[in-house]
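Protein chains in written order, with the working numbering: chain A, 17 to 126; chain B, 31 to 142. Note that beta-carbon positions come from the ideal geometry of N, C-alpha and C, so glycine has one too. Please read these numbers as outputs of a predicted model, since none were measured by experiment. Right, one structure below, let's go through it.
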């Protein structure tokens, strides 16, 4: 089945700087890659997703890039703000199932 | 809008007691429904999913069961809770495996 790995597990950035989280996946047939943001005590919230027919997608300060050859995709957050502090999960669809990474704790330091 | 209702938000139960968590969705018909569990500081573990009424697939053998008595209702149950059942339980819905997955607000279960 699909195996998704996320790096780094924890990331601290200064407010205003950029944050990048990278995920790798194992199933070359995977074609859908969402990113979720989870704040403490809340359910994960879908923030951006990308399908395998495009290489990049942007939504305001958030972007996702996909490299199908290398089987990795990354979340980019620019001009980070304290409210960006959360756990971020990546996922990939393989074998008709959504496989999640283990999450990445992002801390934005004011 | 397509809303997921999940309750209660928090629950404290003694070991050996039964459990029933309910999830209902609005604004969509024939959704795929899911139960996930998240241990403290850990990732998301898929417990059950359902593609239709009465159709339940279990991902891991455990002390829990799920039922889907109505199209928009998904129930997670246990006859006797264990300490290891503690965690954050999330209901989710999608239109299919390649479709967007949306989560409810979750139930924090503490088994003492």
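Proximity to residue 90 (chain B) across B:113, B:100, B:96, B:77 peaks at B:77, based on C-alpha coordinates.
The Cβ neighbour count for residue 74 (chain A), taken over all protein chains shown within 10 Å, is under 16; the residue is labelled exposed. Note that the region 98 to 118 of chain B touches the region 33 to 53 of chain B; at least 3 beta-carbon pairs, one per stretch, sit closer than 8 angstroms.
For the pair residue 35 (chain A) and residue 64 (chain A), the Cα-to-Cα distance works out to about 15 angstroms. In this structure residue 43 (chain A) does not touch residue 112 (chain A) by the C-beta definition: roughly 11 angstroms separates them, more than the 8 angstroms allowed. The beta carbons of residue 140 (chain B) and residue 58 (chain A) sit no closer together than 8 angstroms. Using a Cβ-Cβ distance cut-off of 8 angstroms, the region 118 to 126 of chain A and the region 96 to 106 of chain A are in contact, since at least three pairs of beta carbons, one from each stretch, lie closer than that value. Fully enclosed beta strand (DSSP E) runs of no fewer than 3 residues occupy 35 to 41, 48 to 54, 61 to 67, 72 to 75, 78 to 83 of the region 33 to 87 of chain A, in order along the chain. Ranking B:138, B:137, B:98 by CA distance to the CA of residue 63 (chain B) puts B:98 first. With its beta carbon at least 8 angstroms from every one in chain A, residue 46 (chain B) lies outside the interface.
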